[in-house]
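Enquirer: The listed protein sequences correspond, in order, to chains D and H. First residue of the first sequence? That's 1 in UniProt numbering, and the numbers climb one at a time after it. First residue of the second sequence? That's 1 in UniProt numbering, and the numbers climb one at a time after it. A virtual CB, placed ideally from N, CA and C, is assigned to each residue, including glycine.
Number of protein chains: 2
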Amino acid sequence: MPLDWQEFYSASARVMTRSLIRELLKLTRRGGIISFAGGLPDPATFPVEEIKAIATRLLDREANLVLQYGPTEGDARLRDELVKWMAKDGIHASRDQVLVTLGSQQGLDLVGRVFLDPGDHVIVELPTYMAALQVFRSYRVEMLGVPQDGSGMRMDLLEETLARLARDGRRPKFIYVGPDFQNPSGATMSDDRRTRLLDLAQQYGTLVVEDNPYRELCFEGAPPPPLAALDREGRVIYLSTFSKTLCPGLRIAWMAASEEFIRQFVTAKQGMDLCCPALTQAIAAEFCAAGHIYHRVGAIVERYRRKRDTMLAALSREMPPGVTWTHPHGGLFLWVRLPEGMDTERMLPLAVEEGVAYVVGSGFHADGGGRNAMRLNFSFPSEAEIEEGVRRLGRIVKKHLPATARTK
Amino acid sequence: MPLDWQEFYSASARVMTRSLIRELLKLTRRGGIISFAGGLPDPATFPVEEIKAIATRLLDREANLVLQYGPTEGDARLRDELVKWMAKDGIHASRDQVLVTLGSQQGLDLVGRVFLDPGDHVIVELPTYMAALQVFRSYRVEMLGVPQDGSGMRMDLLEETLARLARDGRRPKFIYVGPDFQNPSGATMSDDRRTRLLDLAQQYGTLVVEDNPYRELCFEGAPPPPLAALDREGRVIYLSTFSKTLCPGLRIAWMAASEEFIRQFVTAKQGMDLCCPALTQAIAAEFCAAGHIYHRVGAIVERYRRKRDTMLAALSREMPPGVTWTHPHGGLFLWVRLPEGMDTERMLPLAVEEGVAYVVGSGFHADGGGRNAMRLNFSFPSEAEIEEGVRRLGRIVKKHLPATARTK
Numbered sequence: 001m002p003l004d005w006q007e008f009y010s011a012s013a014r015v016m017t018r019s020l021i022r023e024l025l026k027l028t029r030r031g032g033i034i035s036f037a038g039g040l041p042d043p044a045t046f047p048v049e050e051i052k053a054i055a056t057r058l059l060d061r062e063a064n065l066v067l068q069y070g071p072t073e074g075d076a077r078l079r080d081e082l083v084k085w086m087a088k089d090g091i092h093a094s095r096d097q098v099l100v101t102l103g104s105q106q107g108l109d110l111v112g113r114v115f116l117d118p119g120d121h122v123i124v125e126l127p128t129y130m131a132a133l134q135v136f137r138s139y140r141v142e143m144l145g146v147p148q149d150g151s152g153m154r155m156d157l158l159e160e161t162l163a164r165l166a167r168d169g170r171r172p173k174f175i176y177v178g179p180d181f182q183n184p185s186g187a188t189m190s191d192d193r194r195t196r197l198l199d200l201a202q203q204y205g206t207l208v209v210e211d212n213p214y215r216e217l218c219f220e221g222a223p224p225p226p227l228a229a230l231d232r233e234g235r236v237i238y239l240s241t242f243s244k245t246l247c248p249g250l251r252i253a254w255m256a257a258s259e260e261f262i263r264q265f266v267t268a269k270q271g272m273d274l275c276c277p278a279l280t281q282a283i284a285a286e287f288c289a290a291g292h293i294y295h296r297v298g299a300i301v302e303r304y305r306r307k308r309d310t311m312l313a314a315l316s317r318e319m320p321p322g323v324t325w326t327h328p329h330g331g332l333f334l335w336v337r338l339p340e341g342m343d344t345e346r347m348l349p350l351a352v353e354e355g356v357a358y359v360v361g362s363g364f365h366a367d368g369g370g371r372n373a374m375r376l377n378f379s380f381p382s383e384a385e386i387e388e389g390v391r392r393l394g395r396i397v398k399k400h401l402p403a404t405a406r407t408k
Numbered sequence: 001m002p003l004d005w006q007e008f009y010s011a012s013a014r015v016m017t018r019s020l021i022r023e024l025l026k027l028t029r030r031g032g033i034i035s036f037a038g039g040l041p042d043p044a045t046f047p048v049e050e051i052k053a054i055a056t057r058l059l060d061r062e063a064n065l066v067l068q069y070g071p072t073e074g075d076a077r078l079r080d081e082l083v084k085w086m087a088k089d090g091i092h093a094s095r096d097q098v099l100v101t102l103g104s105q106q107g108l109d110l111v112g113r114v115f116l117d118p119g120d121h122v123i124v125e126l127p128t129y130m131a132a133l134q135v136f137r138s139y140r141v142e143m144l145g146v147p148q149d150g151s152g153m154r155m156d157l158l159e160e161t162l163a164r165l166a167r168d169g170r171r172p173k174f175i176y177v178g179p180d181f182q183n184p185s186g187a188t189m190s191d192d193r194r195t196r197l198l199d200l201a202q203q204y205g206t207l208v209v210e211d212n213p214y215r216e217l218c219f220e221g222a223p224p225p226p227l228a229a230l231d232r233e234g235r236v237i238y239l240s241t242f243s244k245t246l247c248p249g250l251r252i253a254w255m256a257a258s259e260e261f262i263r264q265f266v267t268a269k270q271g272m273d274l275c276c277p278a279l280t281q282a283i284a285a286e287f288c289a290a291g292h293i294y295h296r297v298g299a300i301v302e303r304y305r306r307k308r309d310t311m312l313a314a315l316s317r318e319m320p321p322g323v324t325w326t327h328p329h330g331g332l333f334l335w336v337r338l339p340e341g342m343d344t345e346r347m348l349p350l351a352v353e354e355g356v357a358y359v360v361g362s363g364f365h366a367d368g369g370g371r372n373a374m375r376l377n378f379s380f381p382s383e384a385e386i387e388e389g390v391r392r393l394g395r396i397v398k399k400h401l402p403a404t405a406r407t408k
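1. Run through chain H and tell me which residues come within less than 7 Å of residue 102/D, C-beta to C-beta.
2. Once you ignore the five residues that flank residue 274/H on each side, which residues in its own chain have a CB closer than 8 Å to its CB?
3. Determine, for residue 3/D, whether the minimum Cβ-Cβ distance to residues of chain H falls below 7 Å.
4. Just checking, does the region 295-308 of chain H make contact with the region 79-94 of chain H on the three C-beta pairs under 8 Å criterion?
5. Please go through the same chain and pick out, in chain order, the residues whose beta-carbon is closer than 6 Å to the beta-carbon of residue 77/D, but skip the five residues on each side of it.
6. Out of 265/H, 270/H, 126/H, 248/H, which has the shortest C-alpha to C-alpha gap to residue 5/D?
7. Residues of the region 65-88 of chain H in Cβ contact with chain D at a cutoff of 7 Å, in chain order, please.
8. Starting from residue 116/H, find everything on chain D with Cβ-Cβ shorter than 8 Å and list it in chain order.
9. For residue 138/H, which residues in the same chain have their Cβ closer than 6 Å to its Cβ, ignoring the five residues on either side in sequence?
10. Using beta carbons (cut-off 7 Å, strictly below), is residue 52/D in contact with chain H?
11. Just to make sure I have the definition right: I need the residues of chain D whose C-beta is within less than 9 Å of the C-beta of residue 288/H. Which are they?
12. Return the chain-ordered ranges of every alpha helix (DSSP H) run that is complete within the region 89-148 of chain H and spans a minimum of 4 residues.
13. Among the candidates 353/H, 396/H, 295/H, whose CA atom is the shortest distance from the CA of residue 343/H?
14. With residue 99/D and residue 255/D assumed to form a contact (beta carbons below 8 Å), what rounded beta-carbon distance in angstroms separates them?
15. Three Cβ pairs or more, each shorter than 8 Å: is that satisfied between the region 200-210 of chain H and the region 157-166 of chain H?
16. For residue 374/H, does the three-state DSSP call read helix, strand or coil?
17. Quick test of your reading: residue 152/H and residue 104/H, contact by CB under 8 Å. State the CB separation rounded to the nearest angstrom.
18. Exposed or buried, which one is residue 327/H when buried takes at least 16 other CB atoms within 10 Å?
19. Restricting to Cα atoms, I'd like to know which of 50/D, 110/D, 62/D, 193/D is closest to residue 257/D.
20. Under 8 Å: do the region 35-48 of chain H and the region 376-385 of chain H share three or more Cβ pairs, one atom per stretch?
21. Among 178/D, 288/D, 262/D, which residue has its Cα nearest to the Cα of residue 80/D?
22. Counting only Cβ pairs nearer than 7 Å, list the residues of chain H close to residue 40/D.
23. Would residue 220/H be called buried (16 or more neighbouring beta carbons within 10 Å of its own) or exposed?
24. Is there a Cβ of chain H sitting closer than 7 Å to that of residue 255/D, yes or no?
25. Pull up the DSSP beta-bridge partners for residue 153/D, would you.
26. Just mark residue 324/D as buried or exposed, buried being the case when its beta carbon has 16 or more other beta carbons within 10 Å.
27. What are the boundary residues of the alpha helix (DSSP H) that includes residue 395/D?
28. Going by C-alpha distance, which of 114/D, 82/D, 211/D, 57/D is nearest residue 132/D?
29. Which residue spans inside the region 157-245 of chain D form an unbroken beta strand (DSSP E) run of at least 3?
30. Can you list, in chain order, the residues of the region 389-405 of chain H whose Cβ is nearer than 9 Å to any Cβ on chain D?
31. Please confirm whether residue 136/D and residue 122/D have their CB atoms less than 7 Å apart.
32. Rounding to the nearest angstrom, what Cα-Cα distance links residue 357/D and residue 349/D in this structure?
33. Anyone know if the C-beta pair for residue 277/D and residue 361/H falls short of 7 Å?
34. Taking 7 Å as the CB-CB limit, is residue 105/H close to chain D?
35. Does residue 329/H pass the burial test, meaning 16 or more other C-beta atoms within 10 Å, or should it be called exposed?
36. Can you pull the chain D residues whose beta carbon is under 8 Å from the beta carbon of residue 307/H, in chain order?
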């Protein structure tokens, strides 16, 4: 009798969903397709020569350490550098309040592992980061979405949600937000909403998970202080990464939180992978210590701002009336809304046929909404590809515009 | 009101235990202590020059790829090399039956995530790998221990356990074994027990998780084929690693299993960390493609065999009658039993004071046994340290020998 695989799976495995983005990425590696679907940095921003010099030096001088197992908490030098790096944003953490993670995704998984039981509640933004939904779902929690507007999560609706839960004797384990140039909306949370969010978290006795991978990629002005800088109680768990400012291939990210929570995350990470690679951590530590990380953000921002502007201009040129999009002040993504009734999921195979790809909006919605929306990435494609890709996209949108929208 | 951290923790977090080994490792970094507690490879075995040359070449030629995000499944070239590497042991997998993991520890966690629900049963060896106990415990399963002897897990007792469970209408999700130079016992499972284990797994409808990090480190003869090579049904999930044959600092390990299971592990890994670092994977792939991995095992084996022999000789010289130890044919560890009634946990602080450290046997026992046992590592300390460390250990053991044992 052949094995029945299914019967061995855990309840968690049964609800896991594969990332649409990552599945799609495979399709779009086919030649001729312009992909706005990924979230990849532009490889032209990778500091290849610096990494090469540092790796060589490390292997010459301390191969015994960088090729060996390391502490679960992460390389001590790197943690010290991360403390300095966060201080410039007003986050004052000690080394013991920092844990190095394998990408921010591991931070999200740690948050799930340490806090979430089946049936727990988690509050997320509408829309929110797709892979956060994916991992929280695997812990079989109930996700409650709170809509954003141009200034981030709406605090009036957050309060309503918290009050409704409280009336049922429930409270969420945490509120998950991306305050700076959020993925996918590109929105930045306003200063007063940040303060309000922390007040509400305190009032209703819940935690805040701040996912902040894009803060450095700021094209205009400066975002308000991170939630972690405003937090006075240890209520915020802060996640950040060097994937966008150094490169993703080292998978260097980190969590900052109270010592108590970090201790628990370290215990959980011991069971997950013992430790991150020592070599990649040492490269990142030296990269920071040499000051490179501080000096290179300007050029990345310059490049991405230009690409964003190219995409905004192309959208203005190519999109029919009734289509709207965000004007992000930083980050990697634009959020496009088609007229009500249009369905970006049904449109996607046609778009891929036409040679352009995006991510469907519903993937970012805990409530099944966003069917007429799509996320576009502008960091990876070249400016020429952005122009041609948006042209193709415009053609398809026009073709599928419902009669009602066309007559408007 | 200050935050009550505890109230936020998941049921899983509440049962997580911190690794005794890793905590102890920190203590033993103090000067003057000879540590037999870790499981670190000897840094003299690290192929520093080869890694340096490969890293430089990769950064020169394909920085765009090795510093970018990669597929969750792992670097395709590396998976092809792993297929070849396993073929020499009779394991015939396709690329789609291989998933690159961040250390074998991530493989263990994936096995937990994909298969285990609270209350499930898992069968482990007595003793077994401590960090496997740690991670399976975090899934709140019931662990049933089956004693080993010098030929590995006892099949008569395994059958008894399976039959007892079956009478209660239960069956374990899997049987977890380390057939080659097991951590911590050093025992190798005999050929006929391997066949019998697979037969029993089939008869009782369960899976086998084969953790095989030490197979290459074979000092005498050759171990029987891996369970994965004998498996005809896709019932074995095979875990292996380059941590002991290349170096641990790249954290390159992998799972081989049926395509169906690998697909589910990939889905779970997406939520855990998206992907392993591209740079470290590419280094490992090139290291294999150049043939280095095939040519270096001999020198490592030579070095570790000498260290094992030094430890065996020292134990013979220094230990009082009534103390016994295993004679492993490979791997990194020896297992020492003191006379009944002695307690290695109570003795440990005194040993550390005396300048020598080990891991207490109870940490490797799912049933709380092993109180009079200890695990000694011989791969990391130098031969001089092994001699001096065992001398110190012998002194302490003699001092704490119970009167009953002394008079024997």
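Expert: Reading off the structure:
1. In the first sequence, counting from the first residue as 1, residue 102/D sits at position 102. Per Cβ cutoff of 7 Å: 102, 273.
2. Looking up residue 274/H in the second sequence gives position 274. Answer for residue 274/H: 69, 72, listed in chain order.
3. Counting from 1 along the first sequence, the entry for residue 3/D is found at position 3. It does; some Cβ of chain H falls within 7 Å.
4. no
5. Residue numbering aside, residue 77/D sits at position 77 when the first sequence is read from its first letter. Here the set comprises 285.
6. Residue mapping note: residue 5/D aligns to position 5 of the first sequence, counting from 1. Residue 5/D has its Cα closest to that of 265/H, out of 265/H, 270/H, 126/H, 248/H.
7. 66, 67, 68, 69, 72
8. Taking the first residue of the second sequence as position 1, residue 116/H is located at position 116. Residues of chain D passing the Cβ test: 10.
9. In the second sequence, the residue the question calls residue 138/H occupies position 138. Once the five neighbours on either side are set aside, the close Cβ partners of residue 138/H are 12, 16.
10. Start at 1 with the first residue of the first sequence, and residue 52/D comes out as number 52. Yes, its Cβ sits closer than 7 Å to a Cβ of chain H.
11. Residue numbering aside, residue 288/H sits at position 288 when the second sequence is read from its first letter. Those do not exist, as residue 288/H stays about 16 Å from chain D at its closest Cβ, beyond 9 Å.
12. 103-115, 130-138
13. Counted from its first residue, the second sequence places residue 343/H at position 343. Checking every option, the nearest Cα to that of residue 343/H belongs to 396/H.
14. If you number the first sequence from 1, residue 99/D lands on position 99. If you number the first sequence from 1, residue 255/D lands on position 255. 5 Å between Cβ atoms; contact.
15. yes
16. On the second sequence, residue 374/H is found 374 positions in, with the first residue counted as 1. Three-state result, residue 374/H: strand.
17. Here residue 152/H refers to the residue found at position 152 when the second sequence is read from its first residue. Here residue 104/H refers to the residue found at position 104 when the second sequence is read from its first residue. Incorrect: roughly 19 Å between the Cβ atoms, too far for contact.
18. In the second sequence, counting from the first residue as 1, residue 327/H sits at position 327. Per the 10 Å Cβ criterion, exposed.
19. Here residue 257/D is taken as the residue at index 257 of the first sequence, counted from 1. For the residues 50/D, 110/D, 62/D, 193/D, the minimum Cα distance to residue 257/D belongs to 110/D.
20. yes
21. Within the first sequence, residue 80/D is the residue found at index 80, counting from 1. Of 178/D, 288/D, 262/D, the residue nearest in Cα terms is 288/D.
22. Counted from its first residue, the first sequence places residue 40/D at position 40. Near residue 40/D (Cβ distances below 7 Å), the residues of chain H are 68, 69.
23. As a first step, residue 220/H is located in the second sequence; it is residue number 220 there, counting from the start. With fewer than 16 other Cβ atoms within 10 Å, it is exposed.
24. Residue mapping note: residue 255/D aligns to position 255 of the first sequence, counting from 1. It does not; no Cβ of chain H falls within 7 Å.
25. Position 153 of the first sequence holds residue 153/D. Partner(s): 148/D.
26. Residue mapping note: residue 324/D aligns to position 324 of the first sequence, counting from 1. Counting Cβ neighbours within 10 Å, residue 324/D comes out exposed, since fewer than 16 surround it.
27. The residue you call residue 395/D lines up with position 395 of the first sequence. Here the alpha helix (DSSP H) through residue 395/D covers 383-400.
28. Taking the first residue of the first sequence as 1, we reach residue 132/D at position 132. If we check each option's Cα against that of residue 132/D, 211/D comes out closest.
29. 174-177, 207-211, 236-241
30. none
31. Here residue 136/D is taken as the residue at index 136 of the first sequence, counted from 1. Here residue 122/D is taken as the residue at index 122 of the first sequence, counted from 1. Closer than 7 Å, so yes.
32. On the first sequence, residue 357/D is found 357 positions in, with the first residue counted as 1. On the first sequence, residue 349/D is found 349 positions in, with the first residue counted as 1. Residue 357/D and residue 349/D: Cα-Cα distance of roughly 9 Å.
33. Taking the first residue of the first sequence as position 1, residue 277/D is located at position 277. Taking the first residue of the second sequence as position 1, residue 361/H is located at position 361. Cβ atoms of residue 277/D and residue 361/H: not closer than 7 Å.
34. Start at 1 with the first residue of the second sequence, and residue 105/H comes out as number 105. At least one chain D Cβ lies under 7 Å of residue 105/H.
35. Taking the second sequence and counting its residues from 1, the one referred to as residue 329/H is at position 329. That one is buried.
36. Taking the first residue of the second sequence as position 1, residue 307/H is located at position 307. Residues of chain D passing the Cβ test: none, with the nearest at roughly 17 Å.
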